[in-house]
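Here the structure is laid out as structure tokens; the discussion comes afterwards.
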Amino acid sequence: MAEARQPLWRKVPMPSSRVNPYRIVIILRLIILCFFFRFRILTPAYDAMPLWGISVVCEIWFALSWILDQFPKWFPINRETYLDRLSLRFEREGEPNKLAPVDFFVSTVDPLKEPPIITANTVLSILAVDYPVDKVSCYVSDDGASMLLFDTLSETAEFARRWVPFCKKHNVEPRAPEFYFSQKIDYLKDKVYLGSEGALDVEGKELPRLVYVSREKRPGYSHHKKAGAMNALIRVSAVLTNAPFMLNLDCDHYLNNCKAAREAMCFLMDPQFGKKLCYVQFPQRFDGIDRHDRYANRNVVFFDINMKGLDGIQGPVYVGTGCVFNRQALYGYDPPVSEKRPKMTCDCWPSWCCCCFGRSRKTKSKKKGQGSLLGGLLPKKKKMAGKHYSRKGSIPAFELEEIEEGLEGYEELEKSSLMSQKNFEKRFGQSPVFIASTLMEEGGLPEGTTSSSLIKEAIHVISCGYEEKTEWGKEVGWIYGSVTEDILTGFKMHCRGWKSVYCCPERAAFRGSAPINLSDRLHQVLRWALGSIEIFMSHHCPLWYGWGGKLKFLQRLAYINTVVYPFTSIPLLAYCTIPAVCLLTGKFIIPTISNLASIWFLALFLSIIATSVLELRWSGVSIEDLWRNEQFWVIGGVSAHLFAVFQGLLKVLGGVDTNFTVTSKAADDTEFGDLYIFKWTTLLIPPTTLIILNLVGVVAGVSDAINNGYGSWGPLFGKLFFAFWVIVHLYPFLKGLMGRQNRTPTIVVLWSILLASIFSLVWVRIDPFLPKQTGPILKQCGVEC
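In our numbering, the protein residues as written are 30 to 814.
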């Protein structure tokens, strides 16, 4: 019994011996940056003022971008969970299982880009999860209304009758069949056998519920893509099962750890901390990526450094998959307010008496039984009147019909409070069953409902016109307005004061597929960056939204960095072009490489290295992962992010919409086959142009130094280092561009050479570094000039 009362989780701060030096180096780097910019501004290059000015502006932007990225990592933490204590507390022998029900959401759109077999693997891994069967429901959203997927899920449900008992009997991991058998562990497969038809598995045990959902779509209605599909799943699940917690997965992410739901319950079912949690986010881990991770598909730096830093502030951001939600947080409520000690009251003095502290005296209800209804419902209604909605304690559920019948006999004030059910309809839509379910914090369905009526209500809540004149997508559910609805939804919840938790179990909770092909990877990054631009241009921008609320300052910095990072592409493109210009013109961004200049450049360079090394030390990330992340930051910055800025501005300011592109999950038959497939896209042109410009610049610079003697080699080294910095960062892009045949496609070469030639000709024509002649011209005064 003593063990059952122990905490279900523990916060593990990073050792001070690792974090404190890291923080000291960050402060030193900030001081060095100040002195570095003082030197750069006070020593302009008068013979190359345009280059000097552009470089200083770019460096200042990079410094601001670094600050936004760095300081939210100031308080990194780890967390530990205790699954044995969870079982002791909620799964006692001889007593009903008290673990909270969980609704699993799986979303898919295009069966061509997201093959049904991948969705089937995800569903089977969910149905075989290590959790009480009667508390698991799996909802699959088919936004493409594919009959192929429907038939596949029918076969999947039949196969689950054999697969689920097999997994639980032999305790296999992972529980997605394709990935389990790909491990070549097949010595138990002959023990699987067929059973009779029915809702039970082959051993006669109950299976989790599997629900197929395809919402109504009609011309003239905005369907809001994935966010709209997820909101439809919220309503359907509330009507059919109404679990207090929901776990959402993309169709290509399967359960790699059958105890993932239990890991999340250690936080969400904590009696104190759990009530203030909006979600538990798990890291994303991926299969099918080449060993060198050429395009930083694993995102290890983000998931193992940035997210752990945010976990020490207000919690990690929501990344769109692998997340367990508190249903009440998605309904737009504020987190519950801590109960205060009740104040003393008396009936002997007026309400303004000091001994009663101005507290109103309790009044008795006029009819028997009405006091309990009012005590449960009236506080809830009053809290619905404000902009945000907070809760204190648990609230009983009442169907709207019962509320209407109970209106008779109340005083006018009480009647007007109860009539605020219209506020519920304006907020959640006209579904009495759904509205009643929102008042049930512990989950469950209203009494007196039948299966046929629930199915009819479920079809009603996914109709295309249900969300009209409601707050769905504005304050309730997944928030509309951006293709990255995940960031926007998490941001709104954090602004209301909710906290989130980052859970990293020893065995990865979920694994998925990533687009290892260069073109697909760039399009994925383009979509993310476009979503950030949409948020930046909306009223939900963290720069101005939610000030005076409950969002912590460092958490706000992280969200600001999330929406402004695509704009770094403009100074990054300019900065990567400067080395080629310096080599072609013989100019440089600093007047002379003096000892003072060398000291400041060396100090800044060493501080950058020291910050990275100490970051790797406390996070456990490898130096190769950090370097790949740095390389792809440049590759994505000068291609996908740059296009996202212009597409986003066109979409928001000009109304030119861009199509949502689903990343293909279909793989080549050969190992890492997609890695070498070339797909033409305009995103490839800017990086290729930069490579050609810098290579031409290196050749021109070296040739000029050879012609002018050894005296010109000294200034050349700084320019060559600058150019090689660009080329080395773009090397994975060049390798991916050549593909399996080790040659660059002709169309990319032609476009890149054309752009490089135009840039060179225009530069020679303008020639901004030649001094302007103010004296007489030779043609005017002849030989005597």
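For every residue, glycine included, the Cβ atom is placed at its ideal position computed from N, Cα and C. Predicted model, so just to flag it, every value in this text is computed and none were measured.
Please report the distance separating the alpha-carbon of residue i from that of residue j.
i, j, result
"N271", "G473", "5 angstroms"
"K764", "T717", "11 angstroms"
"I564", "F104", "26 angstroms"
"W527", "N335", "19 angstroms"
"P42", "I55", "19 angstroms"
"G615", "F311", "52 angstroms"
"E88", "V201", "53 angstroms"
"I516", "G730", "46 angstroms"
"S641", "A189", "47 angstroms"
"L547", "G665", "10 angstroms"
"G404", "L262", "With a pLDDT of 36 at G404, under the threshold of 50, the modelled position of that residue is not reliable, and the figure given next carries that caveat. Cα to Cα, the separation comes out at about 32 angstroms."
"E471", "F274", "9 angstroms"
"T181", "E143", "13 angstroms"
"V530", "L766", "40 angstroms"
"R356", "L468", "11 angstroms"
"I652", "H321", "12 angstroms"
"I628", "K337", "34 angstroms"
"D698", "D316", "In this prediction, D698 has a pLDDT of 49, which is less than 50 and means its spatial position is unreliable; what the coordinates show is noted afterwards. When rounded, the distance between both Cα atoms is 15 angstroms."
"A639", "S45", "17 angstroms"
"I488", "T479", "14 angstroms"
"P761", "W557", "21 angstroms"
Give me, in chain order, the residues of the same chain whose beta-carbon lies closer than 6 angstroms to that of residue i; leave out the 5 immediate sequence neighbours on both sides.
i, result
"R420", "Here R420 scores only 44 on pLDDT, less than 50, and its place in the model is too uncertain to base an answer on."
"F520", "Y588"
"I83", "A603"
"A186", "L239"
"C287", "V158, D159 and R204"
"R69", "V85"
"G466", "The sequence shown places Ser at residue 466, not Gly. Contacts found: A267 and N271."
"A92", "L62"
"R314", "A537 and R540"
Anyone know if the C-beta pair for residue i and residue j falls short of 9 angstroms?
i, j, result
"L458", "R264", "Before going on, a small fix: residue 458 reads as Gly here, not Leu. In this structure, R264 lies closer than 9 angstroms to G458 by Cβ."
"T110", "C352", "no"
"G677", "P595", "yes"
"R244", "S170", "yes"
"D299", "L128", "no"
"C533", "R39", "no"
"N10", "F539", "In the structure displayed, the chain extends from 30 to 814; residue 10 sits before or after that span and is not available."
"N723", "P608", "yes"
"V165", "A258", "no"
"R34", "R118", "yes"
"R247", "L633", "no"
"N277", "V505", "no"
"E8", "G560", "Summary: the structure shown does not reach residue 8, with the chain confined to residues 30 through 814, and so no result is reported for it."
"R456", "E500", "yes"
"V667", "L601", "yes"
"C167", "P237", "yes"
"L749", "V727", "yes"
Pop quiz: residue i and residue j are said to be a contact at Cβ under 8 angstroms. What is the actual Cβ separation, rounded to whole angstroms?
i, j, result
"M522", "A669", "That pair is no contact at about 28 angstroms."
"V138", "G173", "5 angstroms"
"F661", "Y324", "6 angstroms"
"V330", "V650", "6 angstroms"
"I562", "A673", "6 angstroms"
"L80", "C611", "7 angstroms"
"L483", "L297", "No, L483 and L297 are not in contact; Cβ-Cβ is about 25 angstroms, not under 8 angstroms."
I'd like the list of long-range same chain contacts for residue i, defined as Cβ closer than 8 angstroms, with 5 residues on each side in sequence excluded.
i, result
"H417", "No answer about H417 holds up, because its pLDDT of 46 lies below 50 and its placement is not dependable."
"L112", "K288, R291, E292 and C295"
"P620", "T72, P73, A74, Y75 and D76"
"P140", "G173, S175, L177 and L178"
"I146", "T181 and E207"
Can you name the residues that DSSP bridges to residue i?
i, result
"H321", "Paired residues: none, contrary to the question."
"K198", "Answer is none; K198 lacks a bridge partner."
"S529", "Y308"
"M336", "Paired residues: none, contrary to the question."
"M275", "D132 and F354"
"L239", "C167"
"G82", "According to DSSP, which records beta bridges pairwise, G82 is partnered with nothing at all."
"Y283", "R540"
Can you give me the Cβ contacts of residue i inside the same chain, cut-off strictly under 7 angstroms, excluding the 5 residues immediately before and after it?
i, result
"W647", "M43, R47, V48, Y51 and P105"
"L655", "V330, S641 and L645"
"L759", "V663, I664, P716, L719 and I720"
Within 8 angstroms: the Cβ of residue i and any heavy atom of the ligand FAD?
i, result
"A639", "You won't find the ligand FAD in this model; it holds no ligand whatsoever."
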